[in-house]
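In full-length UniProt numbering, the protein residues as written are 1 to 531.
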Amino acid sequence: MRAHAIMRAMETPAGCLRGIGIALFAAMLGACATLRTDVQKPSSTALPAVADTASTRYIAGEVAAHPGQSGFRPLLGNANALMSRVVLADAARHSIDLQYYIFKNDLTGRLLAQRLLAAADRGVRVRILLDDLDISKEDRMLDALDAHPNVEVRLFNPFRFRQRSIVSKAGQFLLEGPRLNRRMHNKAFIVDGMQAIVGGRNIGDAYFDAGDDVHFRDLDVLAIGPVVPQVAAMFDRYWNSDAAFPVTAYSDNEVSDANLATLRDRLLRDARAFKQSDYADVVAEDLPNGPSAERKGAWFWGEAHLAADDPDKVDPAPGVDERRLRHIAPALRRVLDATRSQALLVSPYFIPGDEGVALLTGLVARGASVKVLTNALAATDEPEVHAGYAKYREALLKGGVQLYELKGLRGVTDQRAYGTSSGVSLHAKTMVIDHRRVFVGSMNFDPRSVALNTEMGVIVDSPGLADAIEQFFAHATAPDNAYRVELDHGHLRWTGQDDGKAVEFDHDPGASRLQRAKLRMLRLLPIEGLL
Numbered sequence: 001m002r003a004h005a006i007m008r009a010m011e012t013p014a015g016c017l018r019g020i021g022i023a024l025f026a027a028m029l030g031a032c033a034t035l036r037t038d039v040q041k042p043s044s045t046a047l048p049a050v051a052d053t054a055s056t057r058y059i060a061g062e063v064a065a066h067p068g069q070s071g072f073r074p075l076l077g078n079a080n081a082l083m084s085r086v087v088l089a090d091a092a093r094h095s096i097d098l099q100y101y102i103f104k105n106d107l108t109g110r111l112l113a114q115r116l117l118a119a120a121d122r123g124v125r126v127r128i129l130l131d132d133l134d135i136s137k138e139d140r141m142l143d144a145l146d147a148h149p150n151v152e153v154r155l156f157n158p159f160r161f162r163q164r165s166i167v168s169k170a171g172q173f174l175l176e177g178p179r180l181n182r183r184m185h186n187k188a189f190i191v192d193g194m195q196a197i198v199g200g201r202n203i204g205d206a207y208f209d210a211g212d213d214v215h216f217r218d219l220d221v222l223a224i225g226p227v228v229p230q231v232a233a234m235f236d237r238y239w240n241s242d243a244a245f246p247v248t249a250y251s252d253n254e255v256s257d258a259n260l261a262t263l264r265d266r267l268l269r270d271a272r273a274f275k276q277s278d279y280a281d282v283v284a285e286d287l288p289n290g291p292s293a294e295r296k297g298a299w300f301w302g303e304a305h306l307a308a309d310d311p312d313k314v315d316p317a318p319g320v321d322e323r324r325l326r327h328i329a330p331a332l333r334r335v336l337d338a339t340r341s342q343a344l345l346v347s348p349y350f351i352p353g354d355e356g357v358a359l360l361t362g363l364v365a366r367g368a369s370v371k372v373l374t375n376a377l378a379a380t381d382e383p384e385v386h387a388g389y390a391k392y393r394e395a396l397l398k399g400g401v402q403l404y405e406l407k408g409l410r411g412v413t414d415q416r417a418y419g420t421s422s423g424v425s426l427h428a429k430t431m432v433i434d435h436r437r438v439f440v441g442s443m444n445f446d447p448r449s450v451a452l453n454t455e456m457g458v459i460v461d462s463p464g465l466a467d468a469i470e471q472f473f474a475h476a477t478a479p480d481n482a483y484r485v486e487l488d489h490g491h492l493r494w495t496g497q498d499d500g501k502a503v504e505f506d507h508d509p510g511a512s513r514l515q516r517a518k519l520r521m522l523r524l525l526p527i528e529g530l531l
């Protein structure tokens, strides 16, 4: 937490009470780790891009042949998206920068960690910036990685206390809710300053079709060209911001050579086990269509720029007008507002609000087709968000917006998956306007993305990329994969197909009575601004 934020919290009577509460809470927690705000945080920036390998020389040649344009490759398959990151890490010569909301210590998270460690052993500088919300006290993988001389790990907007029981988290949110409720939702993977992956995926089994939890249907793009330095500069702004702290800032950090050696042994064992797993076979099937940069004709070219929130969005300094900070939402609104013929929106957490309803129905009134894909109640992993969306369905439909809700079934994805998961949930965030302008990033169409979280994404003018995303949309909204939501004499109706046979429902399909009752109760709560 910033020093000035601590001081500001004590400037009012309410702040004093909050400060006293924090002190009492700290005393109650006793010996739990605390965040030291006086630690050294040396600034660093992206290393210059150097084309000194066959792959990077090829990229440099392709970029030179398309002046002013960036190249993009959509990463639609989850296993392919994992291997794209692995192959980039293995090919890195100078630097790897990662920025994620979630980095799980699971099968795929440890696989990627092993590749990052191997890159660091080769002399590659590795910077890892993670939001602190999902980091547990028991997860020492980050501490161990940070012990490597070529690896540095920082946590964004960290909790003051590292003890992460439910009671601890609830207590800290109670005392510092306005700050802790704002999270870094950005997702970027940058290698050698020449290639970057941006989009909706975090790092973890659910995003790469591994494990037993629900698998996310997601979307990233691999980018080359002028947009990559923009992504790198954004990473630097967050890395050097007041809200980013070294993982060593916690008083109980266990950064040591011994822990690094232990982690190295474990990651090597995991890597050997991975090679023998069924999931390795799933991944291998995707390799022929994988991330080789030299594959001819693999890039969609177009003018592109990065849209991203300012890191100070999470905790503006005293006297700073938040309206003067960089925000992604106005940039996306301008893109949407320029729609002439068609707008396709994909947002797993979709809460348009009255303003969003007016915007989308206004486009329809001007003669445009507007289609939205989000999660069905049975597919969502955030039922309270679905409650926020459900209240706007009728207004959107009356205004001519076409709504589709992804089914929560394994068959929705065309990927071979590993594990016992029987469900899938939408997690992609993308938009296609007039068959040429495309957004791919981390931002949902909801109040949290607009006002609370930091977000990022690329805006691209490329008919080729637009066509690829439109095919993704068409497959996801096919009757076997999604329900079409319509109004029938003032009542909601869901239509689709199950095993090729037409089906129709007058309530949220696939959801239990308990889920529907919970949805009705959640709709009564005044929490939309937090969703």
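C-beta atoms are modelled at their ideal positions from N, C-alpha and C, and glycine is treated no differently. Note that this is a predicted model, so its numbers are computed, not measured.
Looking at the DSSP output, Ser-43 shares a beta bridge with no other residue.
Each of Leu-142, Lys-275, Gly-464 and Arg-448 was checked against the Cα of Val-432, and the nearest Cα belongs to Gly-464. Val-231 counts as buried, since no fewer than 16 other beta carbons sit within 10 angstroms of its beta carbon.
Relative to the Cα of Met-184, the nearest Cα in the group Glu-176, Pro-479, Pro-158 and Ile-166 belongs to Pro-158. Going by beta carbons, Ile-328 and Gly-193 fall outside the 8 angstroms limit. By the CB criterion at 8 angstroms, Ala-147 and Leu-260 fall inside the cutoff. Straight across, the Cα-Cα distance linking Ile-197 with Arg-493 is about 39 angstroms. Taking every protein chain shown into account, the CB of Leu-268 has fewer than 16 other CB atoms within 10 angstroms, so this residue is exposed. Of the residues Ser-136, Leu-397, Thr-37 and His-94, the one whose Cα lies closest to the Cα of Ile-166 is Ser-136.
By the CB criterion at 8 angstroms, Ser-95 and Asn-240 fall outside the cutoff. Bounds of the alpha helix (DSSP H) holding Ile-328 are 328–337. Cβ neighbours of Ala-395 within its own chain (closer than 6 angstroms, five residues either side excluded): Val-357.
If you ignore the 5 residues before and after Val-124, its C-beta comes within less than 8 angstroms of the C-beta of Ala-92, Arg-93, His-94, Ser-95, Ile-96 and Asn-150, all in its own chain and listed in chain order. The stretch 447–457 makes no contact with the stretch 54–66: fewer than 3 CB pairs, one atom from each, lie closer than 8 angstroms. By the neighbour-count definition (other C-beta atoms within 10 Å, threshold 16), Gly-204 is a buried residue.
According to the DSSP secondary-structure assignment, Ser-369 is paired through a beta bridge with Gln-342. Taken atom to atom, the span from the alpha-carbon of Asp-467 to that of Val-438 is near 10 angstroms.
Rounded to the nearest whole angstrom, the C-alpha separation of Leu-98 and Arg-57 is 23 angstroms.
Here the C-alpha atom of Gly-199 lies approximately 28 angstroms from the C-alpha atom of Lys-169.
Taking 8 angstroms as the cut-off, the beta carbon of Lys-407 is found no closer than this to the beta carbon of Tyr-349. Boundaries of the alpha helix (DSSP H) harbouring Lys-275: 257–275, taken from the DSSP string. CA-CA distance, Gly-388 to Leu-344, rounds to 20 angstroms.
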